[in-house]
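In our numbering, the protein residues as written are 279 to 602. A virtual CB, placed ideally from N, CA and C, is assigned to each residue, including glycine. From a predicted model like this one, the values you see are computed outputs, not experimental measurements. Comments concern the structure below.
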Amino acid sequence: MTLLNLAVLVVWLAWAWPQSVPWALGGAVLWALAGRWWLGQQFVCLALVRRSRGEPPLALAALLRAWNAECRLMLRAFGWDMPWAEHAQADYVPDRPAGRPVDHAGVVLVHGWLCNRAIWADALHQLRAAGVPCIAVSMPLLLHRVGTGRAVLDGAARRMQAATGRAPVVVAHSMGGLVVRDWLRSLTDADVPHRPPQVVTVGSPHHGTWMARWALGPNVAQMRPGNVWLQQLQRDEARPGSAASRVQWHCALSDTDNMVFPGTTALLEGATPLWLNGMAHVEMLQAPALWTLVRQLVVQAPSAGHPLGEMAPGTAQAEPRSIM
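Here is the structure:
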């Protein structure tokens, strides 16, 4: 339940309660269920788009399980974490002796559309517990273009590189993956020290998403399939020596992603896929397989500017549980 939903609910109860207690309570229940209905429509659209493309239908049980899990996580994320607890989990940037790199790289976490750094609350807590330096950014992306996130992300990457002596691993959710790609094309040779050698995207609309047809905003338009901005981004990345071509990409995706579908739109050409089938859009951030991969990358990722280390392609089927 977002702050807007909460405000509407309070106004409704204040007006309806003196008129009729049953009507007031009934309206409150219906309004509280509105979020579940809205998410349910996304899964219906997902199923219909798969059908129109001739893809095998998903099992009803799988859709219902993903829908229920997403409702639970979205209620917590939008009803509490993001409006009230954006900074409840602090960044973890430990001090180090001058001139000495730490044993492994740190992680920079990049949120997506309508979110802020609180979407990474569990990840921040458990990365810190595992001794992994981590920074989660909050970017002003609600009514702005994707490029608005460049400066914030660049500052976080520089801060992590200065603290660890290594370029960070970047993990981005949803539209955050487009923010990372846009940021990378702005980098020059002078930015090599903090340019990430490894990037993990989770449910990112790399080729646009069907759901962006039904929302408004400058950055939403940039997520529509085939739009001019996405086409230019792809051309920039294809240029010889581009920063994106020097990154090893890992793309987490799911056949039950209710926001970014068809599922393969979240897979960049040449990237290593991490399939988290059966998990919904926000739920993927809870996948143990995702954080197993991140732990491997922070240990194995070379410093920026060095040849990329080899990582075995990974696939996974994951159930939601502790993320680390």
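| Item | Value |
| --- | --- |
| Do you know how far the Cα of residue 298 is from the Cα of residue 437? | 57 Å |
| When you compare each of 527, 439 and 517 to residue 477 by their alpha carbons, which one comes out closest? | 527 |
| Along the chain, where does the alpha helix (DSSP H) that runs through residue 553 open and close? | It is not in any alpha helix (DSSP H) - residue 553 instead sits in the beta strand (DSSP E) that spans 550–553. |
| Between the C-alpha atoms of residue 402 and residue 336, what's the straight-line distance to the nearest angstrom? | 33 Å |
| Helix, strand or coil: which one does DSSP assign to residue 410? | coil |
| Report back the beta-carbon spacing between residue 575 and residue 447 to the nearest angstrom; my notes put them in contact at under 8 Å. | 5 Å |
| Output the distance between the C-alpha atoms of residue 581 and residue 394, rounded to the nearest integer angstrom. | Residue confidence for residue 581 is low, a pLDDT of 48 falling below 50, so the modelled location carries little weight; the figure read from the coordinates is stated next. Whole-angstrom Cα-Cα distance: 28 Å. |
| For residue 479, collect the residues of the same chain with a Cβ closer than 6 Å to its Cβ; drop the 5 residues on either side in sequence, then sort them by chain order. | 450, 455 and 529 |
| Helix, strand or coil for residue 487? Go by DSSP, reduced to three states. | coil |
| Identify the residues that DSSP records as bridge partners of residue 529: which are they? | 479 and 551 |
| Helix, strand or coil, according to DSSP, for residue 387 in the structure here? | strand |
| Judging by CA-CA distance, which residue of 292, 295, 315 and 324 is the nearest neighbour of residue 559? | 324 |
| Which residues in the same chain have their Cβ closer than 6 Å to the Cβ of residue 538, if we skip the five residues on either side of it in sequence? | 481, 483, 487 and 544 |
| Quick check on the DSSP output: the alpha helix (DSSP H) that includes residue 450 runs from which residue to which? | First-last for residue 450: 447–451, but that is the beta strand (DSSP E), not the alpha helix (DSSP H). |
| Excluding the five sequence neighbours on either side, which residues of its own chain have a C-beta within less than 8 Å of the C-beta of residue 491, listed in chain order? | 502 |
| Assuming residue 385 and residue 415 form a contact by the criterion Cβ under 8 Å, report the distance between their Cβ atoms to the nearest whole angstrom. | Going by Cβ atoms, the distance from residue 385 to residue 415 rounds to 11 Å, so no, they are not a contact pair. |
| Let me confirm a value: residue 466 is counted as buried when at least 16 other C-beta atoms fall within 10 Å, else exposed. Which label applies? | exposed |
| Whose C-alpha, out of 461, 485 and 366, is nearest the C-alpha of residue 525? | 461 |
| Output needed for residue 341: all residues of its chain with C-beta closer than 6 Å, excluding positions within five of it in sequence on either side, in chain order. | 321 |
| Roughly how many angstroms lie between the CA atoms of residue 463 and residue 497, to the nearest whole one? | 17 Å |
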